[in-house]
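The UniProt record's numbering puts the first residue of the first sequence at 1, with every later residue one more than the last. Ideal Cβ positions, reconstructed from N, Cα and C, are used throughout, including at glycine. The structure appears right after this line, and notes come after that.
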Amino acid sequence: MVENRSGEGAATHAADEVRYNPAEIEPRWQQIWAAQPDLYAAEAAPKPGETGKPKYYVLEMLPYPSGQLHMGHVRNYAIGDALARYMWMQGYNVLHPMGWDAFGLPAENAALKNNTPPREWTLSNIAAMKRQMERLGLSYDWQTEVTTCLPEYYRWNQWFFIQMFNKGLAYRRKSKVNWCPECATVLANEQVINGRCWRHEDTLVEQRDLEQWFLRTTNYAQELLDGLDKLDGWPEKVRTMQRNWIGRSEGAAVEFAMEDPATAPEDEKHLTRHAGTHVLPAHDDVKASGEKVAVFTTRIDTIFGATSLQLAPGHALVKTLTAENPRLAKEVEDLIEQQKKARETGDIGAIEKHGVFTGRYAINPFSNERLPVWVANYILADYGTGAIMSVPAHDERDFEFAKKYGIEMRIVVLPRRTVEVETDGPQETLLPYTEEDSLLINSGDFNMLGCVEAQHRMAAYAQEHGFGQATVSFRLKDWGVSRQRYWGTPIPMLYCEKDGIVPVPEDQLPVILPPQVEITQQGGSPLGRVPEFVNATCPKCGGPARRETDTMDTFVDSSWYFYRYTDAKNSSAPFDPAKVAYWFPIDQYIGGVEHAILHLIYSRFWTRVMRDLGLVKNDEPAARLFTQGMVIKGGAKMSKSKGNVVSPDDMIARYGADATRMYALFAAPPDRDLDWQEDGVAGVSRFLGKVYRFVMRHAAIARGVTAQATGSDPASQQLLRKLHQTIRKITQDFGGRWHFNTCIAAVMEMVNTFTAADEKIASGEVPPATVAVLLENLVLLLAPFAPYIACELWQELGRQGDLLRAPWPQFDEALAKEDELEVPVQLNGKLRSVVRVAAEADQDTIRDAALADEKIKAAIEGKEVVKVIIVTGKLVNLVVK
RNA sequence: GCCCGGAUGGCGAAAUCGGCAGACGCAGCGGACUUAAAAUCCGCAGGCCGCAAGGCCGUGGGGGUUCAAGUCCCCCUCCGGGCACCA
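Below you can see the structure in the form of structure tokens.
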């Protein structure tokens, strides 16, 4: 026992006390854990009829193996690890896996730079990061590790691809694609941010025409949208972002017949292009040319106000029209150029509207009028039908365009009030008028209908007459998955002269990525330069075939990796559906908000595809999602260019893994950004030292004592009360808010209370049984946040068994309850005094105590108490005059 | 432009349901221990006035509701994120 007699508290025993030395404790436990490969292994699903423990699948997003963990990772994993350990202690069967998102461009860049093969580079990075994770003491079951760049994994990407191909969900078409010159590959729309590459913020994305493989995400657009309503375990922010991304809009498609130019009236044929600024009435000879233009509109109710059609420069009909009109071709060329430029610079919203009249007319199927057909740079070829009816009076963009070119405006919708009193005021000042809570005018048989009703009726009318119908348009596109890269999953397709596109037979999977491929900066797929890879045999006819040389987008890998964890070594299927049925959905998924749309929409899509293949029963991959905040330093995101990167290795070397992890939880609530301050880590480390010394000082008392003591002596009562209040707080937080910062603060407070009783503990005034309870529970409460020190102290207390499976402490409301309360007393809302009353005191007692208080008595002297407000257990407010 | 967050001491933050603003920690100051330092321990600590008792002010700004507002309502400023010619 250490000398502890000083009147100055614990001052004197410090000198000869054991020091907290994480550099010694942590590697030792790391070895002990490493020697038990099953330590973090989940139990198998119970057999039918058996009732096992409840399952809990906690998952953190798998990292890209860059070679170095950064603080964002540490924070992400500290959250997941605390939760996993807590759930273990709560008696759950926990699946807590980790893997590597191991394909991707940086490996090729590294190959170029250091002449290291991508595979070697990647695998050595994985080894390095795995060491860091182990050093952090994270509770992953490495027996379920998934590495996406290994054939054992990516063969199932290929297998899924073939299943999708067979179901028509994977298809090939030529399309304009986003091309990043830096990556020398195609990017999905999702990977283009303000016209720039998501990996290269300074690189403008170009448009190229290429044959590409697509997955039909649009088949699931509606379901992906509807599913969001049920995902109440996901942050509203993420759901909103996905809703915006899917971008559903209801409207109608309407076909406009093109007028045969030969039937235009004689006198019109000499008109200049400005003829195109006015709607012309139908004439007897009007005849359709056979060409049709479909437009998509959300405001079919305004169709009588349409005064032109506007085509996207890339619209199919524009090609026909320009073929016979060189002057037009030249002008359209300019429009395309403007649009391209705007898209590349990301200023699509700010581009100056330009357009050109084609000289042709289309016939409005509702009014039979002839509308001039234009080509305009503000119309997008890849949304809706690539053509619109322009209603300048009721659409801001059309209004702006029409004003510029002097195109006619026609008011067909007005506020109810205006229509009902038939005012003839200057209605033009209203324009553009876009409200839908309005009535139709100048719209033939549809006059006086409300907009919304008119939309339904007019769509029905269009359908009846065969030139349109109500329809829904989505912003979400099919997922382009082809990449002209080496380091990815080969797309398992063959091209045969005779049989066309043929999938690689399943028994020939995986299509192995050839190991020795020269990586160069020239464009096109590196695999195309490997004849042994390209040249294959057609499985149908046995003749020569050419292998697809593109690889898959790496978001394919991460779309289903978490299913593989449940059955990582399966060599005959991606996974055993029974295992997935047991573990899914993921109970808690944790990662950065930056994946709110890309990864998380693709994953939701993939899950539905697997469901429709009969492999899984769940619709959604994850029941709950948590998005943690960024780690910043000095107000800015950590980045090499800013030079404010803090290395986890440094922190661990200086303060230990426990302190580093715990600081990541302590410095801010997990959903908010965290400002990394090294002094704060030192503070947490000091706290752990205090805990360590406190437990070591009294461990001898606790060792061997197993009493359940609930000590009735005053000292025990006070200490146990604090203990049970703390258990209650942390237990409730794990089940709800996840404010681990205040959980750790609560443990600090508790330890402060305990150390203040140091002498009473040493002297025996606090019974040994109480001491044992305090120390044991302190260690248990620390276990999810600081596993090393917790295990060390658990052993020092002589406790048997694995701390990971030790039951989480139960709180006892009776013990947590205060028997006396301090009740603030306010006068007119201002604090004037505090009185102590019994916890169960009734309102009268509290009032009397307040009025009897000396300070209060003095303050209300000569005044009238108008009202007394008593909030039981909270405060008293006296309203005085 | 639209939609979400956020703004609280010197700093990170707390206040979960409208009820003592600033828990916990960092940095700081004073003290103990020490030949000295480190480590540790004890104490002080929102601002202003005051020897003190105490008083006044205070949660980005302005208004409001209430016995009582960081918290609810209206208006505004700044910061961060998402979407943005999507017909």
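Residue ranges of each beta strand (DSSP E) within the segment 793-852, 3 or longer: 820-827, 830-838
DSSP-derived helix/strand/coil call for Y171: strand
Extent of the continuous beta strand (DSSP E) to which N877 belongs: 875-880
Buried versus exposed, by CB contacts within 10 Å (16 or more), G711: buried
Q725 to L62 span [Cα, whole Å]: C-alpha of Q725 to C-alpha of L62: approximately 36 Å in a straight line.
Distance between S685 and T12 (C-alpha atoms, nearest Å): Any reading at T12 needs caution, since the residue's pLDDT is 38, under 50, leaving its predicted position unreliable; the model's value is listed next. Cα to Cα, T12 sits roughly 21 Å from S685.
Helix, strand or coil at V865 according to DSSP, with G and I counted as helix: strand
C-alpha gap between E408 and A402, whole angstroms: 7 Å
Neighbourhood of R624 by C-beta distance below 6 Å, restricted to the same chain and skipping five residues each side: Excluding residues within five positions, the ones whose Cβ falls inside 6 Å are G233, Q588.
The beta strand (DSSP E) enclosing M133, as first and last residue numbers: Run containing M133: none in the beta strand (DSSP E); it sits in the alpha helix (DSSP H), 118-136.
From L136, L150, P531, F160, residue whose alpha carbon lies closest to that of T122: Ranked by Cα distance from T122, the options L136, L150, P531, F160 are led by L150.
Burial state of I193 (16 or more Cβ within 10 Å): Residue environment for I193: exposed (fewer than 16 other C-beta atoms within 10 angstroms of its C-beta).
Endpoints, the beta strand (DSSP E) within which L440 is located: Looking at the DSSP string, the run of the beta strand (DSSP E) that includes L440 is 438-440.
Buried or exposed (CB count within 10 angstroms, at least 16 for buried), D842: Exposed, because fewer than 16 other Cβ atoms sit within 10 Å of the Cβ of D842.
Integer-rounded CB distance, given that D848 should sit under 8 Å from residue 895: The requested residue 895 is not part of the displayed model; the chain covers only 1 to 881.
Three-state secondary structure assigned by DSSP to N535: N535: strand per DSSP, three-state reduction.
Reduced DSSP category for I32 - H, G, I as helix; E, B as strand; rest coil: In this structure, I32 counts as helix in the three-state DSSP scheme.
Those residues which DSSP pairs with W179 across a bridge: V186, E206
Closest Cα partner of E453 within the set L439, A806, Q339, W606: Nearest of L439, A806, Q339, W606 to E453, Cα basis: L439.
Three CB pairs or more closer than 8 Å across the segment 584-599 and the segment 234-242: yes
For T297, the residue or residues it bridges with in DSSP: A252
Continuous beta strand (DSSP E) stretch holding T471: start and end: 468-473
Complete beta strand (DSSP E) runs within the segment 495-555 (minimum length 3 residues, chain order): 500-503, 535-537, 544-547, all fully within the segment 495-555.
One or two residues paired with S482 in a DSSP bridge: S482 pairs with M552.
Limits of the unbroken alpha helix (DSSP H) element including R703: Per DSSP, R703 belongs to no alpha helix (DSSP H) and is neither H nor E.
Residues near S249 in its chain [Cβ-Cβ closer than 6 Å; skip 5 each side]: T298, S473
The segment 459-469 in contact with the segment 503-518 per 3-pair CB rule at 8 Å: no
Assumed close pair A381, G314 - CB separation to whole angstroms, cut-off 8 Å: 3 Å
Strand pairing of R624, partner residues [DSSP]: G233
Same chain, Cβ closer than 6 Å to R5, neighbours up to 5 away in sequence not counted: Caution applies to R5, whose pLDDT of 29 falls short of 50 and renders its modelled position unreliable; the model cannot decide the point.
Check whether A850 and D819 have beta carbons under 8 Å apart: no
DSSP state of D567 mapped onto helix, strand, coil: helix
Own chain residues within Cβ distance below 6 Å of A536, not counting five before or after: Closer than 6 Å at the Cβ level, and outside the excluded window around A536, lie L494, A545, R547.
Alpha-carbon spacing of V779 relative to K640, whole angstroms: 38 Å
Contact the segment 24-36 vs the segment 785-802: 3+ CB pairs below 8 Å: yes
For S308, the three-state DSSP class (helix, strand or coil): DSSP, read as helix, strand or coil, puts S308 in strand.
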